Structures are given as structure tokens and as C-alpha cells.
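Below is one structure, written out as C-alpha cells; comments come after it.
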Amino acid sequence: MDLGLKGKSVLVTGGSKGIGLACAKAFAAEGCLLHLAARDKDRLAQASWRATARRWTSW
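Numbering (our numbering), first residue to last: 145 to 203.
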């Protein structure tokens, strides 16, 4: 589905697991530049590492 979000920046809080990670993946599939934030640094690193081919940053 094309939502017209390609190239847009998206901030996803709770992006290391669950609904936040699922949303991040959906936005990535739309071609968004993702900025992920989460409390668990290690899980966030794993989530970011899984998507290195996509445009992600994480905090």
C-alpha cells in the first residue's frame, strides 16, 4: 500500500519491540527515514541492526 510517506522522517518511540517495532517496519516498508527511541539500549541496537539495509537511526 502506498501511503505517500516515502522520504518522510518518522519518530517511533518504543521502537525496540512489540507494536513500536511493527510500526517501524511498516514505515520502513513505505520508504520513510526512521528515528527509533526506546528505553532498552540493547534491544534497540538489535532492532536497528536487523534493518541496516533500510534508513534507520536510533537513540
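From the three backbone atoms N, C-alpha and C, an ideal C-beta is built for every residue, glycine too. Here the structure is a predicted model, which is why all the values come from computation and not from measurement.
Per DSSP, residue 180 is one residue of the beta strand (DSSP E) stretching across 177-181. In the structure shown, the three-state DSSP call for residue 149 is coil. Residue environment for residue 182: buried (at least 16 other C-beta atoms within 10 angstroms of its C-beta). Taking C-beta atoms as the reference points, residue 147 and residue 176 fail to come closer than 7 angstroms. Pairing residue 180 with residue 168 gives a Cβ-Cβ distance under 7 angstroms.
Straight through space, the alpha carbons of residue 173 and residue 165 are spaced by roughly 12 angstroms.
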